[in-house]
Amino acid sequence: MKKRILITLAAILVICLLLAFLQTLVIPKYADDKTKEGSLVSEYYAEAGGHDVLFVGDCEIYESFVPAVLWEKYGISSYVRGSPQQLVWQSYYLLEEMLEYETPNAVVFNVFSLKYGEPQSEPYNRMTLDGMRWSSSKIDAINASMTDEESFIEYVFPILRFHSRITQLTSQDFKYAFGSPKVSHSGYLMQTGVDPQTDFSKGRTELDYEISDNAWKYLDMMRALCEENGIELILVKAPTNTMKYWWHDEYEEQISEYAEENRLSYYNFIPLAGEIGIDWSTDTYDKGAHLNVYGAEKLTEYFGRILSEDFGIEDRRTDASLSEAWDVRLESYYKERNG
Amino acid sequence: MDKLLAILNELHEDVDFTAETALIDDGILDSLDIVSIVTEVYSEFDVRIPPEEIVPENFNSAQALWELISRLDEA
Amino acid sequence: MLFTSYEFLAFLAIVLALYYILPKKTQWAVLLAASYAFYALSGIEYLAFIAVTTITSFAAARLMGRVSDGEKRYLEGRGEELSKEEKKAYKAKKKKRRFLILCLALALNFGILAVLKYTAFAVVNVNSLLHTFGAETTLTVPSLILPLGISFYTFQTMGYLIDVYWAKAEAQKNIFKLALFTSFFPQLIQGPISRFSDLAPQLFGEHKFERKNVTYGLQRILWGYFKKLVIADRVLIAVNAAAESPENFGGVYVFLLIILYSVQIYADFTGGIDITIGIAEAMGIRLAENFNRPFSSRSTKEYWNRWHITMGSWFNDYVFNPVSVCRPMLAISKKSRKWFGKKVGKRIPVYLATVITWFLTGLWHGAGWNFIVWGLLNALVIIVSQELEPLYSRFRKRFPRLCASWGYGAFASIRTFLLMGLIRSLDVYRNVPLTFKMWGSIFTKFNLPELLSGGISALGLGLADYIIIVCGCIIMFAVSSLGKERSVRDRLYNRPVLSWCLCGALFVAVILFGAYSVGYDASQFIYNQF
C-alpha cells in the first residue's frame, strides 16, 4: 500500500514536470520580427521602480514615445507599458499592477483604444496578458478581456492554449525556452525602417462613433486610481492618422469634452504634427500607420518639453545611481538605432 | 415436441437441438430465427408467443421452448 | 455542457467528490441533483420536457402497477370460485386496461419527440408535395427547440414503461428515483440506453469508495478523451472539408472520406461511451456496454450486434419482436403462406418487420431522408445476405479450410467495414441524390495520383495530423485487440509502474495532441502588425 502511494506521487510529479517542460516549449517566444510585441508587457519587471512617468496604451504608445530620449534630453525617467491592441481595461489593470511597484508623477494614456468597448481578439489578449505576473490585477484583467471562446484556465495553464504548436516548433522555441531576448528599450519598440505615407485619404465612416459605457468605465477608474495616488493623468493621441486607423472627429469631441469635464490634460498630436516637425515621407515605417524611430524621437522631444515645463517633472540627471542605469539603456538604444 | 424439433431443424439443419442448451447465448439462433420460430409455432400449434416471452431463457433450448409453449397453451 | 469542456471536468470532479463524501444514503440524491444541474446548464428551458416525460411515465407506471395489484388481490381472494374461462376473461380485461394506459403514455411521449424532432421535416416535405401539384401556398417551417438527449431519455423511459406493462419491472414508487433513471447525466447525451431492471438497482443502491472502481473509471474516461480529442476531433476537420465542397472532392476522396468518417465516428462515439461508462464505473455503477469491437464484424448482422448495441437491442425487443409477432403480422404470415407457398410466405413477416424496424431506426437517428434511406439500406443488406445465406453455407462447406483462414476473416471484416462505411456516408453529405452521385464518382474518376501528389493536404490536415491519426488508429487497434481476451485494465491493475507510465503518456498525449481550444487551428495564431 505504502509503495503504491509512493509510485502514485512519483508518477504525478513526473507527469507535472514533463508538462511544465512541454509548456515552456510551446509557449510562443515572441522573439522574431513579426511577433516581438508579445514580449513587451513582461519586460517591465526588470526595470520596475523609480520612474517619473509611466505610459500605457496600444501600439501608438510603444511606437511613439522613447524613454531614452526623455532621459537624455530632460532627465525624465520613464517607462512605456504598451502592447498591441491594448484595450482600456488592460491599460487600467497594467497601471494598477505597476502602482504596486512604484508611484510616478504622471501617467500618460493613449486614447485610441477607447473606441473599443468589448473584448476584441484572442491573440492580442494573449500578447498583453501572458506577460503579466500573477496578481489580482492580472486575474481582473483576464476576466475583463476574455472573448467568448476563451477560458480562464487556459491563462493559468498556457499549454492548454498553445499545445498545438508542438507540431510546429522551431529552433527559436528551444533556444528561448527559458527566456527570450530583450526586444524593447524601456518599453519602446524600435522601428528603423522608412516607408513613406503617400495616401492621405480620410477613413471610412463607421457605424457607431459612440464611445461605449464600458470604455468610459475603465477610463473613470483610471482617473480615480491616479487621483487617489496623487498622479497626474495625461491623455494623448499619437500624431498618426491613416485611413485604416482613422481618428474620427466624433471621437475627438467626446474625448475633449471628457477631459474638460474632468479637468484632465489632453493632447491630440495629429494637428500638431507639422509643428513637431514630423515629415511623413521619412518618419514612418509603415505608410503612416506608426512612427519610426526618427518620428518618435521628434514627438518625444516635443512632449518632453511639455512634461518638464507644464507639468514640472524634475530633471534627475544629478541622481548618480539613476544616471548609471540610464547610461546603460542609452548605450543599447543607440547601438540598435545606429545599427 | 417432435413437431417443434422439426421446425427448429428446418432453420438450422446442422444443429442438434436435443442437446444444445445455449442456443441464444452462443448465438446459434438470431432474432430473425426467433421470429420465424414464433410464426411457425403459431401456425403449427395455434399458440401465440407474446413479445414479453421472447427472452433468452425461453429460447436457449428446445426443452425450454417446449415448456413455454405448454405453459401458454394452458393459460 | 459538452464532455469536452473544462466546465464539464470541473463539474465531474465536484460531483464525484460529493458522491463519496456525503452519506451513502444520499448518493442517489446527489446523482439526481447533478443530473438536473447538468441538464439545466445545457439549457434551462429543456427541463420542462424531461419533467413531463418523468411525471407522465411515473403516473402511467403506477396506474399499471395498481391495476396489476388489484388483479392479483382479486384472483387470490376469489380465484377458487372462478372458472378457468372466467379467470382468463378477467385477466384479459385487466390487461386491456393496462394496455390502454401504456398506449396513452407512449403516445404522449413519442408524440412530444415526434413533434419536436420531425415537424420541420414533415412540413418541408408537404411543401415540396404541394409544389409538385402546382399549389401556390407554402407552409412556414417551424423552428422548434430540441431538448438535449430527448431521443435517448425518451427511449430509455418508454422501455421502462413497456417493461412494467410486461411485468418485467416493478413500477417505481418514488418519483424522484424515476427522475434519476430518466436523467442520469453521464448517459443523457448519447446513451447507452439502459434497461430499468439493470440500472435502477445500481442507481438507488449505496456504493462505497473502492480504489479499483475509481481507477478503472478514470482510466476509461482518459481513454475516451484520447479517442475523442486526439483522433475524432482531428479527423472531423477533414471530414467537414470533404463534405462541405463535394464538387472538389469526388472519386478517390469519397473513398478516403468513407474511411476517415468511419474512423471519426468510431473514435467519437466509442470515446464518448467510454467517458460515460467510465464516469458510472468510478461511481460503482456498471452500465451496459455499447460496442464490442464492431469493425471486426464479418457480416452486417454481426456488425449490428456489436455497434451501438443498446440501441439495437432496444429496437429488437421493443419494435422488431412485438411487430413481428403481433396478431396482424401473424395473420399476414398465414395468408402469405397460402398465396406464395410455405418457403416464401414464411419470410414475409420477418422481412416486413425488418424493414419497419430499420425505417424507424433511421428516423430515430434524425429527421431527414438521408437517415431514412440509411435505415432502409441497412435492412436491404440484411435481407439480401439472409437470402444469400444458403449460398454462403454451400461455399463454406466446399472450402472449409479457406473459410477458416485468417485471410478470409480479414477479407470479410474489411468488406463489412467498407459496406457499412459506404452506407454511413449518407450521414456525411446529408443529401441522398448527392450521396449516390458521390458513390458513382468512386468508380468513374478514381483520381489516385491527384491525392498522392499533395491533394490530401487540401482537406485541411497537415502531415503531422495524418501521422497522429495513423498512430492513434494503431493504438486503438492494439488496445482493442489486447482487450479481446482480458481487458487492458485488468492486465495493468497489478503493475502500477507500467500502468502509470501508460496512463501518463496517454494524458500527456491528450493535452498535447488533442484537437481542442482556440489554439487548434494554428493558422489563427498569426499576428499582423498592430
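Chains as they are written, first to last, in our numbering: chain A, 1 to 339; chain B, 1001 to 1075; chain C, 2001 to 2530. We put the CB at the ideal spot given by N, CA and C, even for glycine. From a predicted model like this one, the values you see are computed outputs, not experimental measurements.
Checklist line | Cutoff 8 angstroms; reference Asp315(A); Cβ partners in own chain excluding five residues on either side | finding: Tyr74, Gly75, Ile76 and Ser308
Note to self: By the three-class DSSP mapping on this structure, what secondary structure does Leu54(A) have?
What the structure shows: Strand at Leu54(A).
Item checked: Beta carbon proximity, Thr282(A) to chain C, threshold 8 angstroms -> no
Check: Which residues does DSSP pair with Ile234(A) in a beta bridge?
Finding: Val108(A) and Ser265(A)
Notebook entry, point to check: Is the Cβ of Arg4(A) closer than 8 angstroms to any Cβ of chain C?
Noted result: Yes - at least one Cβ of chain C is within 8 angstroms of the one on Arg4(A).
Checklist line | Short CB-CB distance (under 8 angstroms) between Pro1051(B) and chain C | finding: yes
Next item on the list: Specify the secondary structure class of Arg81(A) as computed by DSSP and reduced to three states.
Entry: If DSSP states are grouped into helix, strand and coil, Arg81(A) belongs with the strands.
Check: How is Leu291(A) classed by DSSP in three states: helix, strand or coil?
Finding: strand
Item checked: Residue from Arg2495(C), Cys2503(C) and Leu2506(C) whose Cα sits closest to the Cα of Lys3(A) -> Arg2495(C)
Check: Can at least three beta-carbon pairs, one atom from the segment 1029-1037 of chain B and one from the segment 1048-1066 of chain B, be found at a separation below 8 angstroms?
Finding: yes
Check: In terms of DSSP beta bridges, what is Tyr188(A) paired with?
Finding: His185(A)
Next item on the list: Would you decide whether Leu291(A) is buried or exposed? Buried here means 16 or more other CB atoms lie within 10 Å of its CB.
Entry: buried
Note to self: Measuring alpha carbon to alpha carbon, tell me which residue in Ser2296(C), Arg2347(C) and Glu2086(C) is nearest Leu2418(C).
What the structure shows: Ser2296(C)
Checklist line | Residue-level contact to chain A via CB, Phe2008(C), 8 angstroms cutoff | finding: Put simply, the CB of Phe2008(C) is far from chain A, with every gap to its CB atoms at 8 angstroms or more.
Margin query: As an exercise, report each continuous alpha helix (DSSP H) stretch of at least 4 residues that is fully enclosed by the segment 2250-2303 of chain C, in chain order.
Written below: 2252-2282
Next item on the list: Spatial neighbours of Phe174(A) within its chain, please: CB distance less than 8 angstroms, with the 5 preceding and 5 following residues excluded, ordered by chain position.
Entry: Leu25
Next item on the list: Would you check if the distance between the CB atom of Glu1053(B) and the CB atom of Ile1007(B) is smaller than 8 angstroms?
Entry: No, Cβ-Cβ distance for Glu1053(B) and Ile1007(B) is not below 8 angstroms.
Next item on the list: Below 6 angstroms CB to CB, which residues in the same chain sit around Val2432(C) once its five sequence neighbours on both sides are set aside?
Entry: Trp2369, Asn2370 and Val2373
Notebook entry, point to check: Given that a residue counts as buried once 16 or more other Cβ atoms are within 10 Å of its Cβ, and exposed if not, what is Val1035(B)?
Noted result: buried
Margin query: For the pair the segment 190-204 of chain A and the segment 286-305 of chain A, tell me if three or more CB-CB distances fall below 8 angstroms.
Written below: yes
Check: So what does Thr284(A) bridge to, in DSSP terms?
Finding: Bridge pairing for Thr284(A): Leu291(A) [DSSP].
Notebook entry, point to check: Taking C-beta to C-beta, are Ile2259(C) and Gly2421(C) nearer than 8 angstroms?
Noted result: For Ile2259(C) and Gly2421(C), yes; Cβs fall inside 8 angstroms.
Item checked: Residue closest to Glu232(A), alpha-carbon to alpha-carbon, out of Leu169(A), Tyr209(A), Phe109(A) and Tyr62(A) -> Measuring from the Cα of Glu232(A), the nearest candidate turns out to be Phe109(A).
Margin query: To be precise: take each residue of the segment 127-158 of chain A, compare its Cβ to all Cβ atoms of chain C, and keep it if any distance is under 8 angstroms. Which residues remain?
Written below: Of all residues in the segment 127-158 of chain A, Met127, Glu149, Glu150, Ser151, Ile153 and Glu154 have a Cβ within less than 8 angstroms of some Cβ in chain C.
Item checked: Status (buried if at least 16 other CB within 10 Å, exposed otherwise) for His2131(C) -> exposed
Margin query: Starting from Lys2095(C), trace the alpha helix (DSSP H) in both directions and tell me its first and last residue.
Written below: Lys2084 to Thr2132
Next item on the list: Give the residues from the segment 10-29 of chain A that approach chain C closer than 9 angstroms (Cβ to any Cβ), ordered along the chain.
Entry: So the close ones are Ala10, Ala11, Ile12, Val14, Ile15, Leu18, Leu19, Leu22, Val26 and Pro28.
Note to self: If I follow the unbroken alpha helix (DSSP H) through Ile2055(C), where does it start and stop?
What the structure shows: Leu2047 to Arg2078
Next item on the list: For Phe2411(C), count neighbouring Cβ atoms within 10 angstroms of its own Cβ and tell me buried if that reaches 16, exposed if not.
Entry: exposed
Check: Does Val2344(C) have its Cβ less than 8 angstroms from a Cβ in chain B?
Finding: no
Notebook entry, point to check: Can you name the residues of chain C whose CB is closer than 9 angstroms to the CB of Leu291(A)?
Noted result: For the C-beta of Leu291(A), not a single chain C residue is nearer than 9 angstroms; the gap to the nearest is close to 13 angstroms.
Check: Which of the three DSSP states, helix, strand or coil, is assigned to His248(A)?
Finding: Coil, per DSSP.
Check: Counting only beta-carbon atoms, is Trp2500(C) nearer than 8 angstroms to chain A?
Finding: yes
Notebook entry, point to check: By how many angstroms is the C-alpha of Ala2029(C) removed from the C-alpha of Phe1017(B)?
Noted result: Counting only the Cα atoms, Ala2029(C) lies some 49 angstroms from Phe1017(B).
Notebook entry, point to check: Distance, Cα to Cα, Leu1072(B) vs Phe2099(C)?
Noted result: 19 angstroms
Check: Using a Cβ-Cβ cut-off of 6 angstroms (strictly less than) and excluding sequence neighbours within five positions of Gln2524(C), which residues of its own chain qualify?
Finding: Because Gln2524(C) sits at a pLDDT of 39, beneath the cut-off of 50, its placement in the model cannot be relied upon, and the point is left open.
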